[in-house]
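Residue numbers (the numbering used here), protein chains in the order written: chain P, 1 to 228; chain U, 229 to 758.
Note that the Cβ used here is the ideal one computed from N, Cα and C, for glycine as well.
Inspection log for the structure reproduced underneath, given as structure tokens.
Structure follows, in structure tokens:
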């Protein structure tokens with residue numbers, strides 16, 4: 001029975017299995033083998049929007065992207081940070097292999113409080129995503145309308161760039177909201193088994209639980225624990 | 229002999245123009261003719277092929293024509309309609325030449341010398357032009373190419389070049405005829421053979437010319453100039469001159485409209501946006517043609533949905549990078565319409581272009597660079613990014629776009645600096661490559677030994693933490709600490725620091741970079757390991 005199925009699958013180009021998408025899609029390796037394995041594109045999907053939900057700054061959300069950002073810098077592709085919550089610290093980024101010449105930060109949030117904040121952020125993000133030579137645009141934002149995400153999605157497709165939206169979520173169960181982003185990840189810090197209180201040793205490597213809430217091209221959503 | 233630039237003037241004459249600009253029903257009628265009023269009499273202007281076969285000729289009184297061909301259909305010639313057609317044709321012809329002149333009532337003049345290189349020679353250009361005239365415009369036409377505009381026009385209209393009939397060209401597109409004359413001497417010979425009664429001169433003048441035995445143009449050229457002027461006036465001399473002097477160019481060139489506005493009226497009211505899209509597609513296609521003819525790109529568009537008895541619903545489409553790409557324009561309009569609910573039924577759609585800019589090739593999707601795909605020159609990519617930075621700065625302020633650089637310094641807050649705008653300009657792009665290589669080598673040599681632990685986020689300034697009973701709290705949570713690093717530096721410039729830095733984790737798994745100030749023994753948060 002199985003051999004007949006295999007035979008059919010091999011012969012007919014009309015039949016394919018959802019899980020085989022990995023082979024056909026092209027993605028940018030995340031730098032974490034375990035994570036690459038569960039993502040349908042085999043990494044960060046090129047020309048798409050990725051939404052990353054994290055409970056609070058400091059769980060390792062940027063570490064997750066640094067290997068990819070470093071790769072992009074080597075390929076002379078630009079990385080744009082839009083409204084990062086803190087100052088991107090140059091010595092740490094350089095130590096992680098990031099090519100700072102190709103990193104641009106944009107402060108879209110103006111001093112005067114107005115409803116235009118989100119709009120300027122998304123506008124900047126769209127402009128950057130559209131520009132040829134753009135590798136990745138990271139944007140920190142509270143909430144995005146579906147329509148805006150679709151627009152960004154088109155912008156990302158046009159220059160084959162990756163858009164990353166960092167949105168915060170409440171700690172606790174997986175959020176139930178919907179989004180048109182091609183890939184949605186939910187991050188949770190994994191508590192170390194025993195508290196490390198020895199102040200002389202280097203900190204133990206942190207574990208981060210990455211749960212795929214949605215991935216275009218796959219119907220099976222898995223989760224993986226990675227070390228950042 | 230003065231060296232003048234070679235010119236090539238193409239006259240496009242439409243022999244059955246007054247018939248062919250009529251509606252479809254008229255075009256398809258077998259025997260038909262157009263008439264004009266002349267001396268209070270209706271006179272035939274143009275006739276169709278089958279009517280001509282029956283013996284009907286241009287210039288014949290209508291009553292006589294009816295005797296020869298009783299079932300002929302007749303329409304009055306509409307010169308207004310012809311002129312409108314000519315202007316549309318001229319607009320289209322702008323894609324072949326920037327010098328187009330409308331020659332009412334039924335011809336166009338184009339200067340082609342300047343466009344020959346673009347079209348890889350006369351052959352391809354003329355074939356493309358004739359093919360489009362036949363297939364798209366469905367017009368019969370005569371093409372004549374000479375160095376003199378007036379001569380081209382005269383030869384096309386009166387010397388009977390071969391008519392390229394639309395139906396024949398549709399069937400065999402390569403089968404195109406064009407009378408081409410290269411040199412002035414050759415042109416003189418061809419013109420000289422023309423009979424004076426067949427070159428559109430006033431009948432009275434022709435009579436007087438024939439009375440003194442002048443049959444052909446060459447007879448005129450042989451006469452002494454002074455005598456000619458005395459007998460027939462200056463006008464004839466000037467006309468003769470203009471036939472053989474290449475410097476005489478048309479007095480007025482066609483200037484296309486600089487604004488675009490196109491409207492589509494629906495026969496019935498439309499209630500769904502889905503039905504609007506195909507119509508918008510058509511309007512956008514016209515817009516793209518408009519842009520291409522003028523070598524322009526659009527920056528801003530306005531789409532108006534017109535309702536019955538109500539002010540129109542309008543929306544604006546603004547392009548960050550000007551475009552003339554049909555798909556891109558459509559996409560943006562579609563995006564805007566996606567979530568739109570039609571407030572009222574729509575009776576018409578109007579698309580108007582509001583601001584245009586000259587076309588720049590490198591501006592659009594030409595330089596699409598992808599990780600997997602093509603790679604283009606680094607300098608042009610840099611230019612694009614310079615443009616992006618300018619654009620961002622224009623909207624958000626000059627200080628809104630930053631780049632970061634590390635600084636060799638022990639004090640963490642001084643170990644970096646920022647620059648507004650792009651750190652390196654396009655010009656130095658190449659030069660810094662060597663430096664970067666050096667940098668990456670330096671990084672690699674450090675790889676063996678782990679460098680000092682640094683967070684990717686730095687706070688703008690240290691934030692004081694609560695310290696009680698031997699524990700540090702942040703947002704009410706106890707932090708557990710590890711990996712102390714002492715940093716003592718800066719005693720020489722008065723900004724001395726003495727701190728013990730710790731890697732701290734909260735119960736929720738967030739990691740922070742905190743320090744204890746050795747002078748004040750207070751605890752501060754300084755960075756986040758994001």
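- In the same chain as residue 26 (chain P), and ignoring 5 residues on each side of it, the C-beta atoms closer than 8 Å to its own belong to 41, 42 and 46, in chain order.
- Residue-level contact check: residue 78 (chain P) touches chain U, since one or more beta carbons of chain U fall below 8 Å from its beta carbon.
- Distance between residue 518 (chain U) and residue 526 (chain U), taken at the CA atoms: about 10 Å.
- Judged by their CB atoms, residue 624 (chain U) and residue 107 (chain P) are nearer to each other than the 8 Å cut-off.
- Between the alpha carbons of residue 243 (chain U) and residue 500 (chain U) lies a distance of about 45 Å.
- Exclusion of the five residues before and after residue 700 (chain U) leaves 693, 707 and 751 as the residues of its chain whose Cβ lies within less than 6 Å of its Cβ.
- Chain-ordered listing is empty here: chain U has no CB closer than 7 Å to the CB of residue 149 (chain P), the nearest sitting near 12 Å.
- Of all residues in the segment 509 to 530 of chain U, none is placed with a Cβ closer than 7 Å to any Cβ belonging to chain P.
- When only Cα atoms are considered, residue 620 (chain U) and residue 494 (chain U) end up about 41 Å apart.
- In the DSSP assignment, residue 745 (chain U) forms a beta bridge with U:727.
- Residue burial annotation: residue 160 (chain P) is buried, with at least 16 other C-beta atoms found within 10 angstroms of its C-beta.
- Between the alpha carbons of residue 323 (chain U) and residue 521 (chain U) lies a distance of about 5 Å.
- For residue 586 (chain U), the enclosing beta strand (DSSP E) covers residues 574 to 586.
- Below the 8 Å Cβ cutoff, chain P contributes 100, 101, 103, 104 and 105 as neighbours of residue 631 (chain U), in chain order.
- Taking the Cα positions, residue 151 (chain P) is about 23 Å away from residue 516 (chain U).
- Looking only at U:433, U:473, U:477 and U:478, the smallest Cα-Cα distance to residue 456 (chain U) is reached by U:433.
- For the 8 Å CB-CB criterion, residue 290 (chain U) and residue 246 (chain U) do not form a contact.
- Under DSSP, residue 517 (chain U) shares a beta bridge with no residue.
- For residue 679 (chain U), the nearest beta carbon of chain P is closer than 8 Å to its own beta carbon.
- Residue nearest to residue 58 (chain P) within the set P:37, P:219 and P:207 is P:207 (criterion: CA-CA distance).
- The DSSP-derived three-state label of residue 529 (chain U) is strand.
- A direct Cα-Cα distance of roughly 16 Å separates residue 444 (chain U) from residue 460 (chain U).
- With fewer than 16 neighbouring CB atoms inside 10 Å of its own CB, residue 695 (chain U) falls in the exposed class.
- Within a 10 Å sphere around the beta-carbon of residue 361 (chain U) sit 16 or more other beta-carbons, which makes this residue buried.
- The beta carbon of residue 564 (chain U) sits closer than 6 Å to those of 543, all from its chain and outside the five residues before and after it, given in chain order.
- In the three-state scheme derived from DSSP, where H, G and I count as helix and E and B as strand, residue 6 (chain P) is classed as helix.
- In this structure, the CA atom of residue 227 (chain P) is about 19 Å from the CA atom of residue 685 (chain U).
- In the same chain as residue 179 (chain P), and ignoring 5 residues on each side of it, the C-beta atoms closer than 8 Å to its own belong to 51, 144, 146, 149 and 214, in chain order.
- The three-state secondary structure of residue 435 (chain U), taken from DSSP, is helix.
- Looking from the CA of residue 572 (chain U), the closest CA among U:385, U:259, U:556 and U:534 belongs to U:534.
- Across the segment 731 to 745 of chain U, CB contacts with chain P closer than 7 Å involve 731, 736, 737, 738, 739 and 740, in sequence order along the chain.
- Counting other Cβ atoms within 10 Å of its Cβ, residue 328 (chain U) reaches 16 or more and is therefore classed as buried.
- CA-CA distance, residue 36 (chain P) to residue 75 (chain P), rounds to 20 Å.
- Its chain contains 209 as the residues whose beta carbon lies nearer than 6 Å to that of residue 188 (chain P), once the 5 sequence neighbours on both sides are disregarded; these appear in chain order.
- Contact between residue 629 (chain U) and residue 104 (chain P) is confirmed by a C-beta separation of about 6 Å, below the 8 Å threshold.
- For the segment 111 to 145 of chain P, the set of positions with a beta-carbon nearer than 9 Å to some beta-carbon of chain U reads 120, 123, 124, 126, 127, 128, 130, 131, 132, 133, 134 and 135 in chain order.
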